[in-house]
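Taking it in order: structure first as structure tokens, then the write-up.
Numbering (my numbering), first residue to last: 906 to 1022.
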């Protein structure tokens, strides 16, 4: 198969499905191997993100007996250098948001995609 055909096969796969598809092309030419490496990196990044989110949810797990847990954060340089603004949010218990880490590191487009309220 051509590399473009192989890329098309991977196009709509979930990260969980990619390793099985990679296995099908382990003996192919170098250009395919380079593509497979990029797909493996995609899978690795996905599982790292899941682990990061699991670690972030330590308080939610520890205090799971409560109905509401409020997350808070501040923005600004601090009271000595200028104004500080604080924000708070309560999300549904089952809410999991991958990708979100630091809103300052997200592109404007990605922030728009993630906007839910």
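Note that the Cβ used here is the ideal one computed from N, Cα and C, for glycine as well. Values in this document were obtained by computation on a predicted structure and should not be read as measured data.
TODO: Would you mind sorting residue 944 into buried or exposed? The rule is 16 or more other CB atoms within 10 Å of its CB.
DONE: Buried.
Open item on the list: Using CA atoms only, rank isn't needed, just tell me which of 955, 954, 975 is closest to residue 964.
Closed with: When each option's Cα is compared against that of residue 964, the closest is 975.
Open item on the list: Using a Cβ distance threshold of 8 Å, determine whether the stretch 951–961 contacts the stretch 931–940, with at least three qualifying pairs required.
Closed with: Not touching, per the Cβ criterion.
- [ ] Report the three-state DSSP secondary structure of residue 934 (helix, strand or coil).
- [x] Residue 934 falls in the coil class under three-state DSSP.
Task: The beta strand (DSSP E) enclosing residue 977, as first and last residue numbers - done: For residue 977, the enclosing beta strand (DSSP E) begins and ends at 975–981.
TODO: Check whether the Cβ atoms of residue 990 and residue 979 sit closer than 8 Å, and answer yes or no.
DONE: By the CB criterion at 8 Å, residue 990 and residue 979 fall inside the cutoff.
Task: Cβ-based neighbour list, residue 999, same chain, cut-off 7 Å, excluding 5 preceding and 5 following - done: Setting aside the 5 residues that flank it on each side, residue 999 has no residue in the same chain whose C-beta is closer than 7 Å to its C-beta.
Open item on the list: Assuming contact is defined by CB atoms lying nearer than 8 Å, are residue 924 and residue 947 in contact in what I supplied?
Closed with: Contact: no.
Task: Cβ neighbour criterion (16 or more within 10 Å) applied to residue 1022 - done: Because the pLDDT of residue 1022 is 49, which lies under 50, any placement of that residue in the model is unreliable, and the question is left without a value.
Open item on the list: Among 1007, 969, 936, whose alpha-carbon lies nearest the alpha-carbon of residue 909?
Closed with: For the residues 1007, 969, 936, the minimum Cα distance to residue 909 belongs to 936.
Open item on the list: Considering Cα atoms alone, identify which of 913, 1006, 1018, 1011 is closest to residue 961.
Closed with: It is 1006.
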